[in-house]
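In our numbering, the protein residues as written are 23 to 83.
This is the structure in structure tokens:
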């Protein structure tokens, strides 16, 4: 696995990615990973293209 980060405004806790990885483990196929994952204080928006996930972290909808 390769993990790359780009921070546009401020760094976010890597523990937020645990929510994404937990959801990813629950599905049989990567395409079934939910595109929006709500956490207690953030939203994770994921796009799956060319066998790669792009994940963004937002604080509001």
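No residue lacks a Cβ here, since even glycine has one placed at the ideal position from N, Cα and C.
Express the C-alpha separation of residue j and residue i in angstroms, rounding to a whole number.
i, j, result
"residue 54", "residue 34", "25 Å"
"residue 76", "residue 68", "5 Å"
"residue 79", "residue 51", "22 Å"
"residue 29", "residue 38", "14 Å"
"residue 58", "residue 72", "19 Å"
"residue 26", "residue 47", "19 Å"
"residue 66", "residue 60", "6 Å"
Check the DSSP bridge columns for residue i and list the partner residues they point to.
i, result
"residue 41", "For residue 41, which the question treats as bridged, DSSP gives no partner whatsoever."
"residue 66", "59 and 79"
Relative to the C-alpha of residue i, which residue among the options is closest?
i, options, result
"residue 83", "64, 74, 28 and 73", "64"
"residue 159", "81, 36 and 31", "For the chain, the structure presents residues 23 to 83; residue 159 sits outside this window and is missing."
Run through DSSP, which three-state label would residue i get?
i, result
"residue 71", "strand"
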